[in-house]
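S.K.: Numbering (the working numbering), first residue to last: 11 to 370. Virtual Cβ for every residue (Gly too), placed ideally from N, Cα, C. No experiment lies behind these values; they were computed from the predicted model shown.
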């Protein structure tokens with residue numbers, strides 16, 4: 011009997027240890043199941059502004075990044091490789107500067123490089139879908155295949171549809187490339203007659219027939235801004251109107267509707283609830299968003315395809331400050347381009363700099 015009692019006690023001790031270990035293991039498993047580790051916090055992306063090129067001092071020095079100098083950069087264009095081209099040289103825009111993806115600035119073309127371009131009046135530049143660069147001088151369109159390779163492509167003074175130099179224009183302030191390879195131009199004859207012209211890769215020029223029942227007049231004389239224009243991936247045109255505070259959308263059939271804006275001001279919103287002041291640049295990304303520069307508000311705005319307007323950079327006050335888009339400052343941001351990766355480059359006119367805006 012004594013031996014049996016000792017054996018039972020030993021069994022009880024072992025059984026107790028096993029039960030305790032199993033209980034602890036099960037309790038730990040249950041604890042893990044009922045209280046999983048907290049998920050990682052979501053990554054918050056925002057628009058961030060930096061200086062891509064330009065020291066801020068006016069000049070013409072070719073160098074890398076902020077060691078380079080610009081003098082009132084005004085219009086921009088982006089090729090398929092992500093290089094940025096800028097008209098530079100105050101109001102007469104004497105040269106075109108090239109900035110590669112690493113920020114290296116060089117003088118690409120202009121009166122100081124070759125005699126192919128006029129010494130004044132490089133009002134706008136744009137690429138076609140084959141990376142040919144076009145520049146305009148009042149009523150003449152130049153095709154630039156590369157440095158020292160410039161030729162007159164189309165144009166002359168007047169208003170005539172036709173081929174090459176048989177076609178005539180009055181005053182072209184902006185032009186825009188399109189996915190189809192056609193170039194679109196806003197032609198203004200300084201007597202409040204405004205037309206949109208289309209030029210094919212073969213230099214055939216025609217006038218787009220518009221159906222505009224929006225009730226907003228395009229004829230407000232505003233020589234400085236001269237109707238900025240851009241084209242999205244679907245072939246819709248976007249052009250400023252009504253004193254450069256309203257943007258119209260023109261579909262491939264030529265039907266115009268109000269896209270965004272109406273009265274001058276600085277307000278985000280949808281469609282005509284949004285307000286702009288002094289639109290000088292438009293650019294479309296690959297997703298159908300339209301980006302806008304405003305010299306009146308010193309701001310960069312984004313418009314989604316449904317017409318919703320938000321401010322991605324700029325406070326409304328002029329100045330110079332990099333950083334978070336909501337705090338960044340510009341001084342007369344005149345024009346902008348968007349790369350295929352969605353990076354926005356802005357010609358910051360009075361700051362003599364090219365600014366870069368990324369969503370990250």
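Between which two residues does the beta strand (DSSP E) holding residue 267 run?
M.R.: Residues 265-271.
S.K.: For a test of the three-state rule: what should DSSP assign to residue 77, helix, strand or coil?
M.R.: Note: residue 77 maps to helix in three-state DSSP.
S.K.: Going by beta carbon distance, what residues of the same chain come within less than 8 Å of residue 206, once the five residues before and after it are set aside?
M.R.: Answer for residue 206: 194, 195, 196, 197, 217, 218, 220, 239, 247, 249 and 260, listed in chain order.
S.K.: Between the Cα of residue 277 and the Cα atoms of 320, 154, 98 and 107, which residue gives the shortest distance?
M.R.: Out of 320, 154, 98 and 107, 320 has the C-alpha closest to the C-alpha of residue 277.
S.K.: Quick check on the DSSP output: what are the complete beta strand (DSSP E) runs of length 3 or more inside the region 159-246, in order along the chain?
M.R.: Those beta strand (DSSP E) runs which fall completely within the region 159-246 and span 3+ residues are 159-165, 182-187, 193-198, 204-209, 214-217 and 239-241.
S.K.: Below 9 Å between beta carbons: does that hold for residue 350 and residue 172?
M.R.: It is not a contact, given that the beta carbons lie outside the stated cut-off.
S.K.: Helix, strand or coil for residue 148 per DSSP?
M.R.: Correct three-state label for residue 148: coil.
S.K.: Does the region 93-112 come into contact with the region 176-183, if we say contact requires no fewer than three beta-carbon pairs (one atom in each stretch) closer than 8 Å?
M.R.: Flag = no, the region 93-112 and the region 176-183 do not touch.
S.K.: Kindly indicate which residue of 348, 157 and 148 has the alpha-carbon position closest to the one of residue 310.
M.R.: With distances taken between Cα atoms, residue 310 lies closest to 348.
S.K.: Specify the secondary structure class of residue 54 as computed by DSSP and reduced to three states.
M.R.: Residue 54 falls in the coil class under three-state DSSP.
S.K.: Would you mind working out which of 242, 323 and 62 sits nearest residue 315, comparing C-alpha positions?
M.R.: Nearest of 242, 323 and 62 to residue 315, Cα basis: 242.
S.K.: Confirm, please, whether the CB-CB distance from residue 274 to residue 303 is below 9 Å.
M.R.: The answer is no: Cβ separation not under 9 Å.
S.K.: Could you spell out where the beta strand (DSSP E) holding residue 118 opens and where it closes?
M.R.: 115-120 is the extent of the beta strand (DSSP E) around residue 118.
S.K.: With DSSP run on the structure shown, which of helix, strand or coil describes residue 10?
M.R.: Outside the displayed span of the chain (11 to 370) sits residue 10, for which this structure offers no information.
S.K.: Would you mind sorting residue 297 into buried or exposed? The rule is 16 or more other CB atoms within 10 Å of its CB.
M.R.: Burial call: exposed.
S.K.: CB-CB under 7 Å to residue 164, same chain, minus the five flanking residues each way: which ones, in chain order?
M.R.: Within the same chain, residue 164 has close Cβ partners 151, 174, 175, 177, 209, 213 and 215.
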